[in-house]
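All remarks here apply to the structure that follows.
Residue numbers (the working numbering): 19 to 501.
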């Protein structure tokens, strides 16, 4: 039996937390006299009131959250966050349309960075900060944040942590899951504050530095400028963004080990080495082509390629140049990057390098097994044997991801969009990247899509952020059968 009252209690706590997290935007609205403070206060109070009603009504419920409750809470929390997170847009009138507001909010919380806004710079400061905050909240996940700061989840915290955390990884910085979540969020918060200071010293206004720090560390890509990072025509700012995007795409457990001085553990990670080397090879290969195709200087060509490759691999989605104008061949390569993702346990979306690495290693070993059918040839990652269960899970994930991409592209094509745009929209939504190809390229936005298409793409964003199974398992009959 599913403990629905325990679920409602946790959902109430999450809504209260969401309301509290709206108040920094209120402070900025008052400071800048942007006129949206009442809207933000009203939105926060609605979340606190409804959340508090659920939480205190079921305060005495058992906190023993099992696996099924964990998956339900994670899936429902992201839906409810999106529904209530769009209230500032609706109440302020900055995004008066429901399908547009839900799209922008889901894009924020899932750190996709796709937007329907055609003139971002006209938005008031409070709304802009809330827009950036949605990405920062969703970066490591609101469930992980709640496990870190609330004793609310009790024993069931491990189930929620596993259900929400991106990518298959067993690395922990502490044997207690609450301590792990707390340390991960402290690293996340500390790096964000550090980046605010650096951006500010490099020439951004404090407001721009704050917003771009929130969306860089979350690998989200929302900007306060219509031209994204291209607005800041500063090599120093762009190189800084590259470094912190790459850092945010790294497993945060490895960042913790690096802070502790255990650098050997960082390079010993097969996934990190694959991540580092792949980014390097992509940058060198694409730069060699771009330098001869374009008239830009050596440094400008290198910087644009480095920035766009890191931005797409880490699924940040910042834009410094239009990569679709280089050549058709390079556009295909950039499209393929949408399926990469960075490291498991990072803030990036996408498939993740650990899955690609497992697939490649297992495929290579399969050739050896064909030649030596009686030999026992185990697959090892980081020197440890990968079980058949994990391999099967990863292979199923990759196949399911491909199937959903194909079916999603068909749905978008039936909805009336050309094939290239359909491919680009579905790929970038599932990968939580932001820019794609076709009519959703790096200098375009998603405003032209129909309400149905926006809701469908929003669903794909959630599906991708929660690693497919967390949501899809709710649609299986096995999930709902009584124990």
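Ideal placement from N, C-alpha and C gives every residue a C-beta, glycine not left out. Computed from a predicted model, the values in this text were never measured in an experiment.
Please work out which residues of its chain come closer than 6 angstroms, Cβ to Cβ, to residue i, disregarding the five sequence neighbours upstream and downstream, and give them in chain order.
i: residue 240; result: 131, 149, 150, 153 and 233
i: residue 300; result: 327
i: residue 191; result: Low local confidence applies: a pLDDT of 49 at residue 191 is under 50, so the model's placement there is unreliable, with the coordinate-based value given in what follows. Answer for residue 191: 198, 201, 271 and 274, listed in chain order.
i: residue 244; result: 138 and 139
i: residue 497; result: 491
i: residue 227; result: 214, 217 and 218
i: residue 447; result: 475, 478 and 479
i: residue 95; result: 32
i: residue 456; result: 438, 439 and 442
Residues bridged to residue i by DSSP?
i: residue 399; result: 402
Exposed or buried, what is residue i when buried is set at 16 or more other beta-carbons lying within 10 Å of its beta-carbon?
i: residue 208; result: exposed
i: residue 450; result: buried
i: residue 338; result: buried
i: residue 53; result: exposed
i: residue 253; result: exposed
i: residue 489; result: buried
i: residue 425; result: exposed
i: residue 107; result: buried
i: residue 388; result: exposed
i: residue 354; result: exposed
i: residue 434; result: exposed
i: residue 460; result: buried
i: residue 493; result: exposed
i: residue 384; result: exposed
i: residue 317; result: exposed
i: residue 142; result: buried
i: residue 386; result: exposed
i: residue 298; result: exposed
Under a three-way DSSP split, which group does residue i fall into?
i: residue 274; result: helix
i: residue 358; result: coil
i: residue 49; result: helix
i: residue 293; result: helix
i: residue 434; result: coil
i: residue 346; result: helix
i: residue 389; result: helix
i: residue 306; result: helix
i: residue 253; result: helix
i: residue 328; result: helix
i: residue 77; result: coil
i: residue 248; result: helix
i: residue 228; result: helix
i: residue 57; result: helix
i: residue 214; result: helix
i: residue 180; result: Low confidence applies to residue 180: its pLDDT is 48, below 50, so where it sits in the model is not reliable, and the reading given next is rough at best. Note: residue 180 maps to helix in three-state DSSP.
i: residue 21; result: coil
i: residue 481; result: helix
i: residue 130; result: coil
i: residue 447; result: helix
i: residue 114; result: coil
i: residue 298; result: helix
Could you work out which residue in the options is closest to residue i when comparing CA atoms only?
i: residue 264; options: 359, 140, 407 and 394; result: 359
i: residue 257; options: 213, 350, 147 and 420; result: 213
i: residue 255; options: 41, 293, 230 and 487; result: 230
i: residue 346; options: 464, 311 and 329; result: 311
i: residue 65; options: 97, 51, 47 and 105; result: 105
i: residue 475; options: 78, 99 and 120; result: 120
i: residue 39; options: 393, 124, 77 and 102; result: 102
i: residue 352; options: 365, 70, 333 and 397; result: 333
i: residue 75; options: 47, 89 and 25; result: 25
i: residue 35; options: 260, 117, 156 and 335; result: 156
i: residue 331; options: 27, 392 and 268; result: 268
i: residue 204; options: 237, 246, 238 and 158; result: 158
i: residue 117; options: 482, 495, 499 and 472; result: 472
i: residue 249; options: 277, 442, 31 and 223; result: 223
i: residue 371; options: 442, 291 and 85; result: 291
i: residue 443; options: 432, 458 and 431; result: 458
i: residue 129; options: 77, 238 and 428; result: 238
i: residue 495; options: 30, 51, 72 and 86; result: 86
i: residue 262; options: 282, 220 and 210; result: 210
i: residue 114; options: 97, 99, 126 and 134; result: 134
i: residue 67; options: 30, 279 and 259; result: 30
By Cβ distance below 8 angstroms, which residues in the same chain neighbour residue i in space, the five residues on each side in sequence not counted?
i: residue 323; result: 301, 304, 305 and 308
i: residue 294; result: none
i: residue 206; result: 157, 158, 235, 270 and 365
Residues in the same chain with beta-carbon distance under 7 angstroms from residue i, minus the five sequence neighbours each way, listed in chain order, please.
i: residue 415; result: 373 and 486
i: residue 146; result: 229 and 242
i: residue 42; result: 147 and 151
i: residue 319; result: 305, 308, 309 and 312
i: residue 286; result: 400
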